[in-house]
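Residue numbers (our numbering), protein chains in the order written: chain E, 434 to 821; chain L, 695 to 1289.
Beta carbons: idealized from backbone N, C-alpha and C, even for Gly.
A quick note: this is a predicted structure, and the numbers were derived from the prediction, not measured.
Quick notes on the structure that follows.
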Amino acid sequence: MTEMVYGAVPMRTGDAVLPRWWRTIDKWTMSCIFLLFGVGLLLGLAASPPLAERNGLDPFYYVERQIFFGGMAMAVMLVVSMMTPDAVRRWAVVGFLITLVSLLLLPFLGTDFGKGATRWFSFGFASVQPSEFLKPAFVVVCAWMLSAGQEPGGPPGKTLSLCVTILVVALLVLQPDFGQSALIVFAWGVMYFIAGAPILLLMGLAGCAVLFGIGAYSSSEHFARRIDGFLSPEIDPRTQLGYATNAIQEGGFFGVGVGEGQVKWSLPDAHTDFIIAVAAEEYGVVLVSFIILLYSVIVVRSLMRLMKERDPFTRLAGAGLACIFGVQAMINMGVAVRLLPAKGMTLPFVSYGGSSLIAGGLLVGMLLAMTRARPQGEIGDILLRRGR
Amino acid sequence: MIRTPLRPLARILKAREDGEDPGLIERENRRKRRDADRDRKRLRAQGRLLVLGLCFFAAYATIGVRMGILANVEPAEPKVASAGQQIVTQRADITDRNGRILATNLVTRSLYAQPHLMVEPERAARELAALFPDEMDEERLRGWFTGERKFIWLRRQMSPEQMQAVHDIGEPGLLFGPREMRLYPNGPLAAHILGGSRFEKEDVNAAEVIGTAGVEKAFDEYLRDPAQGGAPLALSLDMTVQSAAREVLGGGMRLMNARGAAAVLMDVHTGEVISMLSLPDFDPNDRPRPLASGNDPSESPLFNRAVQGVYELGSVFKIFAVAQAMELGLVNPDTMIDTKGPLVWGRYRIRDFHDYGPTLSVKNVIVESSNIGTAHIAMDIGAERQKDFLASLGFTKPTEIEMVEAPTGKPLLPPKWSEISTMTISYGHGLSASPLHLAAAYSTIVNGGTRVHPTLVKQAGPQNGERIISERTSRASVDMLRAVVTEGTASFGDVVGYEVAGKTGSADKPKPTGGYYKDRVIATFASTFPASDPKYVLIVTLDEGEDTIGSMPRRTAGWTAVPVAAAMIERIAPLLGLRPAVEPSQEAALIPANL
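The structure is reproduced here in structure tokens:
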């Protein structure tokens, strides 16, 4: 009766968005990301004043910008992480098409900021690097293709995704941007691996890579010099790498003290590619170990969560996103400690850079969306299979 | 893999019999197969994700460990240059035979400016210009310091006082870099031998010092070789002797109004050059610029007369003809030689300083220095044999002494070794050689007859080369040379107690236009001492010296080079550790009387 008089109590079908999000999100990973961003701000306070001074700006100009863009990145991350994998996929496909077109337009509308590679669109107050936004969208699109290819009667996903990869890499190499192309290839490789690449093929590819490396070493002088420089124990102390190594050594375990570091004055890329050297000098190995720990928690924990995931698309996309994020950090830090040959690559969330921050937020938001806890049909397995 | 059939016939038939839809069975089997496939793929993906996760973990751990190791390493001293081509600043010292320093390094400071670090560029420019009024211009400095440049060299070297004065300006943009400079503490004493040095590659914190001349250049590689561990290079020179010789030679050159002078003192057994001088000389700490092209380089103080200067040395060559003739058995010291003059050969006439009568013994040909007699002996020897003999003494090639200038001291030989050349060369005309050549050849003649190669590097013991003449010939030659001093043209050279033996040579200087000057003479005294057991050869050469004490200027070597050489032997023989042999000669005189 009551219902007939006053109308039915509004019933919710399903859960409220925010509580469900909070229940299912990977809180460890998300905390690590917030911590990383905080560390990035802390290091920005140390590393960017010299740059600001050189450019005749307020000392903390870049820190303020970092806070502004970081706030946007966090917002983007939270919003994206609330989407379902299907929604992520839809938006990613749209985003992928947009970024692809903007990549195509780069040669005509882009600027190179005098660095010799046309990678940016300049919008007065900020500049955007489309390839940063392309990466997460690309991973999701490829994951979609590969997972669709696994369905009986599905499209030839592996071939399609390989074609997309080649197209994107070709566009990036034209800029030229070998670092991002390598990341793209790596992400595709990881997803192909998880989607079930034959072991023989993988071994064959590894063999080819080794052969190619040897061939490049013996034929290309430039390449050989880079590798020799990497392999030789002596290092030219006037290069960025030399300064970075020296900074790490100066810092020791507990650093020289906040604001006491010298390397930020001599390194042009102290706030981006070599921010880890600034961290090592001023705060010592303690902070660097903490940063490494944060990255490894994000990557390894995401991968572990994805192991339970039963939906092939979610699994592939999540793994690709986690790996592309992790390997970027790995390359950046590996270069600074001379485990890898020199290659410019930013440290996600820590290095300064507006568009890379927002793109990072996008990427991590997608990753969080993929690693959310979902019913995986385990109960059904138990009940149904046991029954038979 | 055993696949379950989609339509197992037994079940289908049974279903048909029961009237059920057999399609259901197929559908169920399809679903099972798909589930199994999906499970297989999921398990594989799980395994691979685990592998990936482990890889990432391992990689991060490696980076962390590596970071820890790096941080644990003491920071290397900031190095100066790029890896691979570091500037080697260590240059070994050069010492004389007794270890006294001839060349060493001194750390001074260079001065450079970094305008972007400057606080008061205007004041810095003003005060710097006041400190170095000769070199720095205030206007120009101000332009530099307020301009765009980030780095400006101001001064290569500074004394400590100058550095303190610049430091007191108190300008942080004026900076000092260490700069090792080469120092020659003895000044001009061995200037020609040492040569000089300059900066090559320059850097803020170091500069490379390289040799530019002399021993410094000849041994440049050795001196800079880090493998030597900075061990000094010991030369054969004796600085005490060099110093005494320079004093005497300089005084003699002034007294005799000579344009230049050279002296070489050589150990006859080792070929070591104990002392070598060329005057006028220079200070290698402030090496003068070479003369502009067009001028005669031999007029420059940089010119080393003893090594680079090739002269017709005159009668000092006579002993070579006589020694060779004795060695060949053509003559002995008492053989009488035709000295009737003048000797006419084609359109040439060979004269003597005096008329010595129709004949002279070979010994007296040397003692009296008869051109005609020597020419006759040379004719007996013949052109081929003379040429070979002089070549074996080293007169046809530059000396191989360890100086970069050595190859420029190339002897001038007659284009065609004709008979008249044979005759003139026998008394030292028509063949030009350096005083160092002469010293080596005399050493060979007097040391018992073995070839001597001149060297500037300290030797461990006698360096006996191939035998050129027999010991008997050598002995006879020394006796004749001794007679020149006791009885002949070099009577001023008889230094009491040191038994000087030698031969004078006075050669008219050739005109650049051809022919010879009548009043310009290269006077040479080639001597050896002590005659009883020759240990040293001393060559003294004066360029256009003349003794103007008498009514007529006297230019022959007996009046100019010989007294200078005698004064020099008087000074240096005691320094060389030779005992004056005064007593033995008296005994020698007494012994025959007792018999």
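Our two residues, L/Leu-868 and L/Glu-821, have alpha carbons roughly 12 Å apart in a direct line. Closer than 9 Å to the CB of L/Tyr-754 there is at least one CB belonging to chain E.
Here the segment 880-894 of chain L makes no contact with the segment 751-769 of chain L; the two share fewer than three CB pairs at distances below 8 Å.
The count of Cβ pairs closer than 8 Å, one atom from the segment 471-490 of chain E and one from the segment 689-708 of chain E, reaches three, so the stretches are in contact. For the set E/Thr-457, E/Gly-440 and E/Gly-692, the Cα lying nearest the Cα of E/Glu-714 is the one of E/Gly-692.
In the DSSP assignment, L/Ile-846 falls within the unbroken beta strand (DSSP E) covering 846-852.
Considering only beta carbons, the part of the segment 687-713 of chain E lying closer than 8 Å to chain L consists of Ala-713, in chain order.
At least one CB atom of chain E sits nearer than 9 Å to the CB of L/Leu-764. Boundaries of the alpha helix (DSSP H) around L/Phe-1014: 1012-1021. Three or more Cβ pairs drawn from the segment 839-852 of chain L and the segment 792-809 of chain L lie within less than 8 Å of each other, which places the two stretches in contact. Beta-bridge analysis with DSSP links L/Ile-968 to no other residue.
Taking C-alpha positions only, L/Gln-851 is separated from L/Val-903 by approximately 13 Å. Taking 9 Å as the threshold, the shortest C-beta distance from E/Thr-678 to chain L falls below it. For E/Ala-576, the closest C-alpha among the options E/Val-597, E/Pro-563 and E/Ser-560 is that of E/Val-597. In summary, the residues of the segment 716-727 of chain E whose CB is separated from some CB of chain L by less than 9 Å are Gly-717, Val-718, Val-721, Ser-722, Ile-725 and Leu-726, in the order they occur in the chain. In the three-state scheme derived from DSSP, where H, G and I count as helix and E and B as strand, L/Gly-1199 is classed as strand.
For chain E, the residues of the segment 722-733 of chain L that bring a beta carbon within less than 7 Å of one of its beta carbons are Arg-728, in chain order.
L/Ser-1185 is positioned such that its CB atom lies no closer than 9 Å to that of L/Gly-1244. Under the three-state reduction of DSSP, L/Gly-890 is assigned to strand.
Interface annotation for the segment 861-880 of chain L against chain E: empty, criterion Cβ-Cβ distance under 8 Å. Straight through space, the alpha carbons of L/Arg-785 and L/Ala-907 are spaced by roughly 15 Å. Nearest in C-alpha terms to E/Ala-508, of all of E/Leu-800, E/Leu-634, E/Ile-791 and E/Ala-525, is E/Ile-791. Listed in chain order, the non-local C-beta contacts of L/Ala-1017 below 7 Å within the same chain comprise Ile-1139, Ile-1163, Thr-1167 and Ser-1171, local neighbours out to five positions each way being set aside. In this structure, the alpha-carbon of L/Gln-936 lies about 11 Å from that of L/Pro-882. At a cut-off of 9 Å between beta carbons, L/Val-813 makes no contact with chain E. Around the beta-carbon of L/Met-970, 16 or more other beta-carbon atoms lie within 10 Å, marking it buried.
Residue contact check for E/Ala-752 against chain L: a CB pair falls below 9 Å.
The beta carbon of L/Gly-944 lies closer than 7 Å to those of Leu-973 in the same chain, with the five residues before and after it left out. In this structure, the alpha-carbon of L/Pro-1274 lies about 18 Å from that of L/Ala-938.
For L/Asn-799, the uninterrupted beta strand (DSSP E) run begins and ends at 795-807, by DSSP.
Residue contact with chain L for E/Ser-464: absent (no Cβ-Cβ distance below 9 Å to any residue of chain L). If you keep only unbroken alpha helix (DSSP H) runs of at least 4 residues inside the segment 689-745 of chain E, you get 696-699 and 708-741. Here DSSP, grouped into helix, strand and coil, assigns L/Lys-1104 to coil.
Using beta-carbon distances, L/Gly-1003 does not count as an interface residue toward chain E, since no partner is under 9 Å.
Around E/Met-578, the same chain offers Gly-590, Leu-593 and Ser-594 as residues with beta carbons nearer than 6 Å, after the five sequence neighbours per side are excluded.
Under the rule that a run must span 3 or more residues, the beta strand (DSSP E) segments found entirely inside the segment 474-561 of chain E read 554-556 and 559-561.
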